[in-house]
Amino acid sequence: MLPLFEKEHLARHEPEETARVLGNINNILINGTQLILNCVFHSIGFDTINDDILKQLVISRICQPSSKSGTVNYLKSYFDEDVNLSKIYLN
Numbered sequence: 027m028l029p030l031f032e033k034e035h036l037a038r039h040e041p042e043e044t045a046r047v048l049g050n051i052n053n054i055l056i057n058g059t060q061l062i063l064n065c066v067f068h069s070i071g072f073d074t075i076n077d078d079i080l081k082q083l084v085i086s087r088i089c090q091p092s093s094k095s096g097t098v099n100y101l102k103s104y105f106d107e108d109v110n111l112s113k114i115y116l117n
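In the working numbering, the protein residues as written are 27 to 117.
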């Protein structure tokens, strides 16, 4: 029998494989929401405003309402976006 199908092998690797699959599902849900909100952002004309972080802030606050600091953490955790907190306070 191949080691891949042995019970010990399956039991040892199942938790990490489960975490990997669930992580991909979470990414799909977040990206799906982003795609929809990008269209809404464009359709109401917000994309014509010349502001680098406006779109990130608006979409993030809809997806995950939180403080300005929490929004910065959300953008870093889920989208690997580095937004300077002081820039948010200036807007």
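Yeah, the Cβ is synthetic: ideal placement off N, Cα and C, and Gly gets one too.
In this structure, how does DSSP classify E42 when only helix, strand and coil are distinguished? Counting from 1 along the sequence shown, the entry for residue 42 is found at position 16. Note: E42 maps to helix in three-state DSSP.
Could you give the uninterrupted runs of the beta strand (DSSP E) lying entirely in the segment 50 to 90, keeping only those of 3 residues or more? none
From what residue to what residue does the alpha helix (DSSP H) around N103 run? The count along the sequence shown starts at 1 and reaches residue 103 at position 77. In the sequence on display, residue 103 carries Ser and not Asn. From DSSP, the alpha helix (DSSP H) with S103 extends over 94 to 105.
Are K94 and I75 touching if we call contact CB-CB under 9 angstroms? Your numbering for residue 94 matches position 68 in the sequence shown. Your numbering for residue 75 matches position 49 in the sequence shown. No, the Cβ-Cβ distance between K94 and I75 is not below 9 angstroms.
With a 10 Å radius around its C-beta and 16 neighbouring C-beta atoms as the bar for buried, classify L61 as buried or exposed. Within the sequence shown, numbered from 1, the residue matching residue 61 stands at position 35. L61 should be labelled exposed.
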